[in-house]
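In the UniProt record's numbering, the protein residues as written are 1 to 149.
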């Protein structure tokens, strides 16, 4: 829920600030800024909640802790790549692939009732997927609309 709040709040604030400086709104720029802020926000979770995020990964995945740090770094790189003109389109395509690839870990964690923030198994369970899957689809659509279109 927090990333959705970040995405929408930053989008709104960015539009207001852009309008103040440019005299007109720039929805695509605001959309990119909001996506970048969301990626930076979620990347923090990879450092703050490493122990719980490691538990999101199935047993067959090696180097779990390193994988969590790498994916957090990929989110940071994605946030910056959105604003490098020669990399923006490629970054958008890779982010869509990334969003699709991380969805199974969220499903796996939900089925195990994992609360990644506390690294305990008292989370919301499969009911969380009623939010997570639409949010993941929103991120994919958002990236397509504001970055690739």
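The C-beta atom is built at its ideal place from N, Cα and C for all residues, glycine as well.
Owing to the predicted nature of the structure, the values given are computational and were not obtained by experimental measurement.
Heavy atom of the ligand GTP within 6 Å of residue i beta-carbon
i          : result
residue 21 : In the structure on display, the ligand GTP does not appear, and there are no ligands present to speak of.
Simplified DSSP assignment, three categories, for residue i
i           : result
residue 120 : strand
Pick from the options that is closest to residue i, judged by C-alpha positions
i           : options        : result
residue 39  : 77, 18, 90     : 77
residue 8   : 20, 34, 19, 17 : 34
residue 101 : 141, 136, 69   : 136
residue 2   : 44, 80, 66     : 44
Short Cβ contact (7 Å threshold) for residue i with residue j
i           : j           : result
residue 72  : residue 117 : no
residue 110 : residue 126 : yes
residue 94  : residue 32  : no
residue 99  : residue 138 : no
residue 50  : residue 96  : no
residue 6   : residue 41  : yes
residue 46  : residue 68  : yes
Residue-level contact to chain D via CB, residue i, 7 Å cutoff
i          : result
residue 91 : Chain labels in this structure do not include chain D; a single protein chain is all it has.
Cβ neighbour criterion (16 or more within 10 Å) applied to residue i
i          : result
residue 61 : exposed
residue 10 : buried
residue 16 : exposed
residue 63 : exposed
Task: Three CB pairs or more closer than 8 Å across the region 47-59 and the region 105-114 - done: Three or more pairs of CB atoms, one per stretch, sit closer than 8 Å, so the region 47-59 contacts the region 105-114.
- [ ] Assess, as a yes-or-no matter, whether the region 130-148 is touched by the region 27-39 under the definition of 3 or more beta carbon pairs within less than 8 Å.
- [x] Cβ pair count under 8 Å is three or more, so yes.
Open item on the list: Does the structure place the region 16-24 close enough to the region 84-98 that three or more beta carbon pairs sit under 8 Å?
Closed with: No, the region 84-98 is not in contact with the region 16-24.
Open item on the list: Whether or not the region 71-85 and the region 113-132 are in contact is what I'm after, with contact meaning three or more pairs of Cβ atoms, one per stretch, closer than 8 Å; do they touch?
Closed with: no
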